[in-house]
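Student: Please find one structure pasted underneath; my questions will follow.
Residue numbers (my numbering), protein chains in the order written: chain A, 245 to 639; chain B, 3 to 310; chain C, 851 to 1135.
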């Protein structure tokens, strides 16, 4: 409906953005230093046209600086930003076919909603402004709000205006800087779905910066996990979650139990056998992203089962321990199980109606070896912990 | 927790004991009483006296009678219209100049000074803690006939232009319109810079980034975003400059000549030397009314009603 | 790392693009800063003159032309006893006006910021008007009052006038500070068992203190520097420092005036610097 109108009318009239539409965004050796501090370190990245791309990382990891360099608000110290074949690294922000949905929206308080949305169109001298503004406001479901001032709108509505104000320009790349950070949980969920819908409908490239892993996984086709100025790992949400390549990715994106393990008897064709504190466990050979003999054996909490001691465990990895904490969450129960060597494993058990375990119970923790992954033992097992989900609804 | 409900004035509806409510009702008036009484007795009442004096006839020896005669206004205006209009004109020019000089300064302090912001702000205000009169006297030294400023103006040919515009007389700056306007502009700059700075500093830098992101060139971004958002500062600054400048006569006395006399000089002389109180009061009251009317029209047109 | 794309060496980026800019381009880019610097010079120029000429030893009675360097004025600041007398009177009136105006104005500011009452609009108007009235009008109207009431002019009438015009500035400054206070701080104090009086003295007042200090500083400088209103309400026996300077401008300016002007400048900067330091220490930086 309205979306089709918008893209048809826009492609017919707005020349500057249209030429670059359908172009990939490429960051080549992009580096930004602030004095001694390197915010972004030799970043190489290709973002295909039309994708919904998320840069995910804790605050200070360089994701916002990267975004600002793409927007032209920050000058790279080194490297290039390419849109298709055009190098836009030195282009002024007002000449780039790139628009931003700012954190806290940055709506012009002295202009009404319609004029806020029309701002970019007027600057470029586009014709038929009011029709485009109306289409854009319809797209974000704010049809009747054209004459209001930003202060008269709720946070969620302001967020939509900021989106419409950027979208109406049909940019080659739309940048979203923590777009949902200021909204409450319920609204955030709603807007996640909404943003994904709009992106699918308009087909523009969205680059989304967030520290909220849930937000990134819900919306993005591809996620790049950033840490300390570089990309730790990139991939689709499922791959990232199921096969983290670094301890940072394993801890930042969801939660992981990491056990210090050592390969015994070489790498097998399918499974490799390892020893953890004298106990023999297995993991798929292709899921080991470390060349050494020592590694971290990782497994996600929801992949673990807690069973009363003495169950049949054929073919599974299993460890015995004692329940030290049980938190009932309704849909699931979170347990902490202490291993004989003191480490506590986190277990998330679906509420399937079985009787809950109690603190002090002796249990066996078991999981299918294929759910294990192996990480480089030289990495910090706690990297990326407790910094990811300040806004998340509990992982 | 009655105590909690007690703190902000918003919760004035909560009824505790009746004695307490009574005391709370009286509190604001007790707080206001001394200060407002002072302003009533020494500001409002004198204004009434001034208005009344302007409608009296008589002289200082025999005393005055209230005649409700407008003659004082007619003669005051007949005699001093040039000084009156000149005051408004000089004040207007000085206001425009303080704006043109003060805006870049306020802008640079607000957006371009980084961690030197506070230092620069202090450096802008501190000079004005030296006595107004001493600084104005310093302009006599600066603009002196063979000083470097005058020689520079002569060398670059500006003096010629000023002469053509009748801003200076016989290539001498001191004792000219130019000197008076220079002094007025200088003396009221902080009254322009501070409100401008206050409103510029409040502007979220991301709004300017957003303007650039939305294809506004720097100058367009300034015109469409920065300037409109700084309007409260512009309005406050122009008022704070224009009002005192219109009534000032220190600059015109110390830097001007008899042809640059401003209305303040006339009022001062009529009150303190000629002792013609009714005429002086009529001039003074007219100045007050003129300025109040101009301020109201200006504020309405600028659309900013909350100034204080 | 799976994420990185390999780049052909042909597209390898050039080293930092720091082109040399033409002087014209440089000027265009820094036009605002240049204009600000020029404005700054304009503001500082008279003060520089005041300071430099405080070391002058002029030939005649007027200190307008540079003759030769001398510390004479600094070593003998009270060479003209009348000047130091005037200075003393200005200080006395300044301190008294500051104390009274700050006290009365702070009360009004609290009433406006924290209470609802009838006549609020009228109160605001009465506070705004003195700031919007030219000094010559305020001075002359007060003179009319005093003359009609047959009150003798002198230090007392000057003080009355100074308190009047300082009051509004105190109210506006302190009110802004009170309004910017987070009301939850006071609620927290009361939640932690402080009664109204304790809350006021231990929480509210310390937080409002910087605003009150700023108002007092402003009052003092307004009072100390006032010529026009003072001139209307003084007698020949009550000469303040600005009145002395005015008189000197007609009959000869002693270099000592510049010494006082320089000291005022230094004291003002010192006061602000101390204020900043105290503020920084309070914030624990």
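C-beta: ideal position from N, C-alpha, C; glycine also.
Using only the alpha-carbon positions, how far apart do residue 534 (chain A) and residue 489 (chain A) sit?
Tutor: The straight-line gap from Cα to Cα measures roughly 9 Å.
Student: From the beta carbon of residue 1086 (chain C), is the nearest beta carbon of chain B less than 9 Å away?
Tutor: Chain B contact via Cβ: absent.
Student: Using a Cβ cut-off of 8 Å, which residues of the segment 205-218 of chain B contact any Cβ in chain A, in chain order?
Tutor: Under the 8 Å Cβ criterion, the segment 205-218 of chain B contributes 206, 208, 209, 211, 212, 213, 214, 215, 216, 217 and 218.
Student: How is the alpha helix (DSSP H) around residue 445 (chain A) delimited, first residue to last?
Tutor: Residue 445 (chain A) -> alpha helix (DSSP H) spans 429-446.
Student: Along the chain, where does the alpha helix (DSSP H) that runs through residue 1020 (chain C) open and close?
Tutor: Its alpha helix (DSSP H) spans residues 1005-1030.
Student: Below 8 Å on the Cβ atoms is my guess for residue 275 (chain A) versus residue 284 (chain A); work out the distance and round it to an integer in Å.
Tutor: Contact flag correct, Cβ pair sits at about 6 Å.
Student: Could you give the distance in angstroms between the alpha-carbon of residue 976 (chain C) and the alpha-carbon of residue 1124 (chain C)?
Tutor: Between residue 976 (chain C) and residue 1124 (chain C), the C-alpha separation is close to 34 Å.
Student: Tell me whether residue 624 (chain A) is buried or exposed, calling it buried when 16 or more other Cβ atoms sit within 10 Å of its Cβ.
Tutor: Looking at its Cβ environment, which holds fewer than 16 other Cβ atoms inside 10 Å, residue 624 (chain A) is exposed.
Student: Tell me, please, whether the CB atom of residue 182 (chain B) is closer than 9 Å to any CB atom in chain A?
Tutor: No - not a single Cβ of chain A is within 9 Å of the one on residue 182 (chain B).
Student: Please list, in chain order, all residues of the same chain as residue 373 (chain A) whose beta carbon is under 6 Å from its beta carbon, the five residues on each side excluded.
Tutor: Result list for residue 373 (chain A): 362 and 365, in chain order.
Student: Could you name each continuous alpha helix (DSSP H) segment of 4 residues or more that falls completely within the segment 929-977 of chain C, going from the start of the chain to the end?
Tutor: Counting only runs of 4 or more, we get 931-964.
Student: Taking just the CA atoms, how far does residue 912 (chain C) sit from residue 1104 (chain C)?
Tutor: If you take the alpha carbons of residue 1104 (chain C) and residue 912 (chain C), they lie about 7 Å apart.
Student: Near residue 77 (chain B), which residues of its chain fall below 7 Å by C-beta distance, leaving aside the five closest residues on each side in sequence?
Tutor: Within the same chain, residue 77 (chain B) has close Cβ partners 281.
Student: By Cβ distance, which residues of its chain are closer than 7 Å to residue 254 (chain B), with the 5 residues on each side in sequence left out?
Tutor: Here the set comprises 182, 262, 263, 264 and 267.
Student: Establish whether the CB of residue 233 (chain B) and some CB of chain C are separated by less than 9 Å.
Tutor: No - not a single Cβ of chain C is within 9 Å of the one on residue 233 (chain B).
Student: Just tell me which of B:140, B:297 and B:150 has its CA closest to the CA of residue 257 (chain B).
Tutor: Measuring from the Cα of residue 257 (chain B), the nearest candidate turns out to be B:140.
Student: Assuming the contact rule is C-beta atoms closer than 8 Å, residue 395 (chain A) and residue 353 (chain A) should be a hit. Round their C-beta distance to whole Å, please.
Tutor: About 6 Å separates the two Cβ atoms, so the contact holds.
Student: Is it right to say residue 972 (chain C) is buried, meaning 16 or more other beta carbons lie within 10 angstroms of its own, or is it exposed?
Tutor: That one is exposed.
Student: What distance in whole Å lies between the Cβ atoms of residue 431 (chain A) and residue 411 (chain A), which are believed to be in contact at a cut-off of 8 Å?
Tutor: Wrong, their Cβ atoms sit about 19 Å apart, outside the cutoff.
Student: Could you check whether the Cβ of residue 911 (chain C) sits closer than 9 Å to any Cβ belonging to chain B?
Tutor: Taking Cβ atoms only, chain B never reaches closer than 9 Å to residue 911 (chain C), which makes this a no.
Student: If you draw a straight line from the alpha carbon of residue 61 (chain B) to that of residue 278 (chain B), how long is it in whole angstroms?
Tutor: The alpha-carbon atoms of residue 61 (chain B) and residue 278 (chain B) are separated by roughly 7 Å.
Student: I'd like to know if residue 1131 (chain C) contacts chain B, where contact means its C-beta is closer than 9 Å to some C-beta of that chain.
Tutor: No, residue 1131 (chain C) does not count as interfacial toward chain B.
Student: Who are the Cβ neighbours of residue 387 (chain A) in its own chain at under 6 Å, not counting the five residues just before and after it?
Tutor: Correct list, in chain order: 381.
Student: By the 10 Å Cβ neighbour count, where 16 or more other Cβ atoms means buried, how is residue 1126 (chain C) classified, buried or exposed?
Tutor: With fewer than 16 other Cβ atoms within 10 Å, it is exposed.
Student: With contact counted as at least three CB pairs below 8 Å, one residue from each stretch, are the segment 450-466 of chain A and the segment 296-304 of chain A in contact?
Tutor: The segment 450-466 of chain A vs the segment 296-304 of chain A: in contact.
Student: For residue 367 (chain A), return the contacting residues in chain B, with the cut-off set at a CB-CB distance below 7 Å.
Tutor: The contacting residues are 216, 217, 218 and 222.
Student: Where residue 502 (chain A) and residue 360 (chain A) are concerned, what is the direct C-alpha to C-alpha distance, given to the nearest angstrom?
Tutor: Residue 502 (chain A) and residue 360 (chain A): Cα-Cα distance of roughly 50 Å.
Student: Counting along the chain, where does the alpha helix (DSSP H) carrying residue 208 (chain B) start and finish?
Tutor: Start and end: 207-215.
Student: Output the distance between the C-alpha atoms of residue 66 (chain B) and residue 994 (chain C), rounded to the nearest integer angstrom.
Tutor: When rounded, the distance between both Cα atoms is 12 Å.
Student: Please report how far the alpha carbon of residue 578 (chain A) lies from the alpha carbon of residue 204 (chain B), in whole angstroms.
Tutor: So the two alpha carbons sit approximately 47 Å from each other.
Student: Applying a beta-carbon distance threshold of less than 7 Å, which residues of chain A neighbour residue 192 (chain B)?
Tutor: Going along chain A, no residue has its Cβ under 7 Å from residue 192 (chain B), so there is no contact; the nearest lies around 26 Å.
Student: If contacts are defined as beta-carbon pairs under 8 Å, then residue 268 (chain A) and residue 323 (chain A) qualify, I think. What distance do you get, rounded to the angstrom?
Tutor: Wrong, their Cβ atoms sit about 16 Å apart, outside the cutoff.
Student: Taking residue 302 (chain B) as part of the alpha helix (DSSP H), name the residues at either end of that continuous run.
Tutor: From DSSP, the alpha helix (DSSP H) with residue 302 (chain B) extends over 279-304.
Student: Is the beta carbon of residue 1015 (chain C) less than 9 Å from the beta carbon of residue 1076 (chain C)?
Tutor: It is a contact, given that the beta carbons lie within the stated cut-off.
Student: Which same chain residues, not among the five before or five after residue 1065 (chain C), have their C-beta less than 6 Å away from its C-beta?
Tutor: Cβ within range, chain order: 952, 1020, 1023 and 1024.
Student: Residues of chain C with a CB under 7 Å from the CB of residue 141 (chain B): which are they?
Tutor: Going along chain C in sequence order, the residues near residue 141 (chain B) (Cβ under 7 Å) are 896.
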